[in-house]
Structure formats: C-alpha cells, structure tokens
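Enquirer: Each number in our numbering comes from the position in the sequence shown (counting from 1) with 17 added on.
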Amino acid sequence: ASQTPGQAARSRLWRLPFLGHEAGFSDGPFRLAALLRRPVVFMAGLYLGANRYQIHLVELDDFSQAPAPGVSSDERVAAALQRYVATLEALCLAAPFNWFNFFDFWADGTQND
18 ASQTPGQAAR SRLWRLPFLG HEAGFSDGPF RLAALLRRPV VFMAGLYLGA NRYQIHLVEL
78 DDFSQAPAPG VSSDERVAAA LQRYVATLEA LCLAAPFNWF NFFDFWADGT QND
C-alpha cells in the first residue's frame, strides 16, 4: 500500500542477497529521507595505502524530486534500499580488506557456514 504525503510508515527489515547470503537491511533511513523529501547519497572512502583514498559517491535517490508516474512511495524506498545493498556489495567485493562493521547482517542464523 502506498503512503499519502505526510503519512509515516513503519520501517521494515528486508532480507536481500548480500555477499552470497540473505542479510537484513532496514529501510528506515530511506523512509525518513522520503518523508523529509531529501536526497540520499552513499559515500565510502576506500583506503589505497600510503595515505591515499578513493572516494565513492553514489546517489541512491533524490526524494526531493517527484516520483515517476505510477511509482508508490514504498516502491521508491525499496528501489533505493536495493541500490544501497548492490553498491555496498560491489565495493566490498572490490576492496574486501577495507571493511569492518559492528552490525551483524546475518544475526538471524540463516548463515550456516
């Protein structure tokens, strides 16, 4: 069900493919950006060694702009979240030793490795 402007929806945990397993990602930050009508930009600095970094900026969605005709708020949030996960995965695979995270994506026990 789509949301009317100004109507808040509860965030949802999505199970999306990430590094070979389904992992949990919340759409809460994207719902907040949609509610506030703000752009969402992914930013990462990959360490290249010797005080060198490669900066990555990827616009995931500009919620300040009107959606395409027929696209619901929920669909737009879901698409932005999927772009985030795909971007994060691509950079993790490209530079696997650049990452550390205290969020346990696989905490629900679906990973059996």
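All residues carry an ideal CB built from backbone N, CA and C; glycine is no exception. Please read all numbers here as calculations on a predicted model, not as lab measurements.
Taking all protein chains shown into account, decide if S90 is buried (16 or more other Cβ within 10 angstroms of its Cβ) or exposed.
Expert: Buried: at least 16 other Cβ atoms inside 10 Å.
Enquirer: Could you compute how far the alpha carbon of Y200 sits from the alpha carbon of A107?
Expert: Nothing about residue 200 can be read from this structure; the chain reaches only from 18 to 130.
Enquirer: Going along the chain, which unbroken runs of the beta strand (DSSP E) with 3 or more residues stay wholly within the segment 30 to 75?
Expert: Those beta strand (DSSP E) runs which fall completely within the segment 30 to 75 and span 3+ residues are 30 to 35, 38 to 43, 56 to 66.
Enquirer: Pop quiz: R32 and G45 are said to be a contact at Cβ under 8 Å. What is the actual Cβ separation, rounded to whole angstroms?
Expert: Going by Cβ atoms, the distance from R32 to G45 rounds to 15 Å, so no, they are not a contact pair.
Enquirer: Assuming A107 is part of the alpha helix (DSSP H), what are its boundary residues?
Expert: Its alpha helix (DSSP H) spans residues 90 to 111.
Enquirer: Taking the straight line between their C-alpha atoms, what separation do you get for P56 and L105?
Expert: P56 and L105: Cα-Cα distance of roughly 18 Å.
Enquirer: Indicate whether A97 and L77 have their beta-carbon atoms separated by less than 8 Å.
Expert: It is a contact, given that the beta carbons lie within the stated cut-off.
Enquirer: Give me the residue from F117, Y70, V102 with the minimum Cα distance to V58.
Expert: The candidate whose alpha carbon is nearest that of V58 is V102.
Enquirer: Going by CA-CA distance only, name the one from A67, M60, Q82, N68 that's closest to V75.
Expert: Among A67, M60, Q82, N68, the Cα nearest to that of V75 belongs to M60.
Enquirer: Measuring alpha carbon to alpha carbon, tell me which of G87, G66, S81 ends up nearest N115.
Expert: Selected option, being the one with the closest Cα: G66.
Enquirer: Once the 5 residues before and after H73 are set aside, which same chain residues still bring their CB inside 6 Å of it?
Expert: Cβ within range, chain order: A61.
Enquirer: Measure from the alpha carbon of R48 to the alpha carbon of each residue in A95, A83, A112, then state which is nearest.
Expert: It is A95 whose Cα lies nearest to the Cα of R48.
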